[in-house]
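Asks: Pasting a structure below so you can have a look.
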Amino acid sequence: MGNDIDLDGHVIIVTGASKGIGLGIARHLADLGARLVVTARKPEALEALSAELDGRGTPHLARQLNTTDREGAVALAADTAAAFGRIDGLVANAQTFLSVTPLEEITERNMDLLLDTGPKGTLWGMQSVLPYMREQGRGRIVTMGSNAAINGAAGYGPYVSSKEAIRGITRVAAREWGPYGVTVNCVCPVSVAHRAPANPEDDPVRAAVFAETFKSQPIARDGDAANDIGPIVAFLLSDASQYMTGQTLMADGGAIMRP
Amino acid sequence: MTTRAGRRVVVTGDTALAEGVAAGLRELGALVVLLDAAYETEDDVRAAMEAAGDALGGGIDQVVHSWVEPALLDAQVFAELSEETWAIACEHTLEVAWWTARQASPALRETQGSLVFLVPTIGMAGGAGYAMLAAVAEGVRVLAKGCGRQWGTTGATCNTVAVAPHHWTGDAAGAELTRNITLSVPAFGGQGDAASDLAPLVALLADDDAHFLTAATMVADGGTWMGL
Chain Y
0 MGNDIDLDGH
10 VIIVTGASKG
20 IGLGIARHLA
30 DLGARLVVTA
40 RKPEALEALS
50 AELDGRGTPH
60 LARQLNTTDR
70 EGAVALAADT
80 AAAFGRIDGL
90 VANAQTFLSV
100 TPLEEITERN
110 MDLLLDTGPK
120 GTLWGMQSVL
130 PYMREQGRGR
140 IVTMGSNAAI
150 NGAAGYGPYV
160 SSKEAIRGIT
170 RVAAREWGPY
180 GVTVNCVCPV
190 SVAHRAPANP
200 EDDPVRAAVF
210 AETFKSQPIA
220 RDGDAANDIG
230 PIVAFLLSDA
240 SQYMTGQTLM
250 ADGGAIMRP
Chain P
0 MTTRAGRRVV
10 VTGDTALAEG
20 VAAGLRELGA
30 LVVLLDAAYE
40 TEDDVRAAME
50 AAGDALGGGI
60 DQVVHSWVEP
70 ALLDAQVFAE
80 LSEETWAIAC
90 EHTLEVAWWT
100 ARQASPALRE
110 TQGSLVFLVP
120 TIGMAGGAGY
130 AMLAAVAEGV
140 RVLAKGCGRQ
150 WGTTGATCNT
160 VAVAPHHWTG
170 DAAGAELTRN
180 ITLSVPAFGG
190 QGDAASDLAP
200 LVALLADDDA
210 HFLTAATMVA
220 DGGTWMGL
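In structure tokens form, the structure reads like this:
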């Protein structure tokens, strides 16, 4: 597959990069020649990713980070700038997920967990990289929303509310930081293979949501994190998107066609 | 889907926007035919598309449609619009968009190519005095969604790029319309340069990298309208 997006040498932070969509994005950005800073909560997964990036010859830092840790996010940005001299992009991907739970059964802890790791974690990351991007006069921030959130998928109350909050923050940041040359956009992917139940009977509600989603898509399949979602994120990190900000891009094979 | 060098592109429209996007695509290495004529019938569109394909060496990788009937670009009080004006301006512009999609379809299916419609953001946000232009913009966006759904299995894609209204209405009217589009501060504002801000985005939509984007609306208006 040919690539026309040039991210060679760009310094990009990808949070939650050790699995799922974050891992696919990191791999695609590595293919494009970016220098990466990757984070994950679990050291074993992070070590595996770091070893893979070593094997690819991708200059990188690997840092254990819980996205709720605001001081950790600040330290991560400082470490990135110290190691590479700049921060070109942030892919604020990390977020804890919650299994299907009816609204009437959601606890305060459920909500706090999703809001702490979702919009608050995203904001801490954005705040941390802003000073560097502002000084550079250029920056690209990509946040992660959800197709399920826009549709209001049943059983995903905390997740849906956290993802829509991220889209709200995205738009505000775009307006506030546009004058600094920083764009802030959101991607809503469909790439669920890593979350789909191996046996649909184990989680019929979730299996039904996934099956219905694929059925309605013009490109009627799950998105591949590296080859389908990664290029769309890369576009938003590139100069080709320099006049787009505050927008949501659906990376869902055409499932949702709003607005 | 192709790489940009030597990509065969047809751009429709007789505005500075069409010329600017064509110039920007050429700077990126594409071969571009600019179709700036008006069309009366679908046969006119078919003939123009065939001639463009021949001029490009026998194939088309991307079609960028921005043509509108010039009468759409004049501010008019909606309540005073005549049925005749509506038919000549609004309906005919939609017809030409539909004909363009239909006549571009065989070539784009063959190349797994890209159809891009350029529209003003006032379709999504409304624009006093430009009801027909707004209606056309929304009609075209629905057409793009239909094409996207129908072409999904062929590898051809169809997307819309929504840009600042200035490109159609001129600077003064565009600025007024933009003030009404957003209740908050635009991130960048302005209208964007067709060659350097918009053409790279149009080019991206024909890249391999964009193969999973179809039926989408890319808003490139400097962060003014953020409705999705």
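Chains as they are written, first to last, in numbering that gives the first Met the number 0: chain Y, 0 to 258; chain P, 0 to 227. Where is the CB? At the ideal position from N, CA and C, for every residue including glycine.
I'd like to know if A219 of chain P contacts chain Y, where contact means its C-beta is closer than 8 Å to some C-beta of that chain.
Replies: yes
Asks: Quick check: V44 of chain P and Q102 of chain P, are their CB atoms within less than 8 Å of each other?
Replies: yes
Asks: What's the call for P199 of chain Y, buried or exposed, on a 16-neighbour Cβ count within 10 Å?
Replies: exposed
Asks: Run through the region 129 to 182 of chain Y for me and flag every whole alpha helix (DSSP H) of 4 or more residues, listed as ranges in chain order.
Replies: 146 to 150 and 156 to 176
Asks: Which value, in whole angstroms, describes the spacing of the CA atoms of V99 of chain Y and E163 of chain Y?
Replies: 17 Å
Asks: List in chain order: all unbroken beta strand (DSSP E) runs of 3+ residues lying wholly within the region 104 to 136 of chain P.
Replies: The region 104 to 136 of chain P contains these whole beta strand (DSSP E) runs: 113 to 119.
Asks: Of all the options Y:A39, Y:D5, Y:P101 and Y:A47, which has the alpha carbon lying nearest to the alpha carbon of A16 of chain Y?
Replies: Y:A39
Asks: Could you tell me whether any Cβ in chain P is nearer than 8 Å to the Cβ of I165 of chain Y?
Replies: no
Asks: Taking the alpha-carbon of E90 of chain P as reference, which of P:G58, P:Q61, P:P69 and P:A74 has the nearest alpha-carbon?
Replies: For E90 of chain P, the closest alpha carbon among the candidates P:G58, P:Q61, P:P69 and P:A74 is that of P:P69.
Asks: R178 of chain P touches chain Y at which residues, Cβ-Cβ below 9 Å?
Replies: Under the 9 Å cutoff, chain Y gives no residues; its nearest Cβ is about 15 Å from R178 of chain P.
Asks: Quick check on the burial criterion: 16 or more other C-beta atoms within 10 angstroms. Buried or exposed for S81 of chain P?
Replies: exposed
Asks: With a threshold of 6 Å on Cβ separation, who are the neighbours of G245 of chain Y within its own chain once the five nearest residues in sequence on each side are excluded?
Replies: R170 and A173
Asks: Looking at chain P, is there any beta carbon in it that lies within less than 8 Å of the beta carbon of D7 of chain Y?
Replies: Answer no: the Cβ-Cβ gap between D7 of chain Y and chain P never drops below 8 Å.
Asks: When the Cβ atoms of the region 237 to 253 of chain Y are set against those of the region 8 to 24 of chain P, are three or more pairs found closer than 8 Å?
Replies: no
Asks: Between T120 of chain P and A134 of chain P, what straight-line distance do the alpha-carbon atoms span, to the nearest angstrom?
Replies: Between T120 of chain P and A134 of chain P, the C-alpha separation is close to 11 Å.
Asks: Classify F83 of chain Y: buried if its beta carbon has 16 or more other beta carbons within 10 angstroms, exposed otherwise.
Replies: buried
Asks: Would you be able to state if there are at least three C-beta pairs under 8 Å between the region 159 to 166 of chain P and the region 141 to 151 of chain Y?
Replies: no
Asks: Which residues in chain Y have a C-beta closer than 7 Å to the C-beta of G58 of chain P? List them in chain order.
Replies: Simply none; closest approach about 17 Å.
Asks: Show which residues of chain Y have a CB atom less than 8 Å away from the CB atom of G147 of chain P.
Replies: Correct list: P217, G253 and M256.
Asks: Under three-state DSSP, which class holds A161 of chain P?
Replies: If DSSP states are grouped into helix, strand and coil, A161 of chain P belongs with the strands.
Asks: Using the beta-carbon count (16 or more within 10 Å), is K119 of chain Y buried or exposed?
Replies: buried
Asks: Would you kindly work out how many angstroms separate the C-alpha atoms of L114 of chain P and V63 of chain P, rounded to a whole number?
Replies: L114 of chain P and V63 of chain P: Cα-Cα distance of roughly 6 Å.
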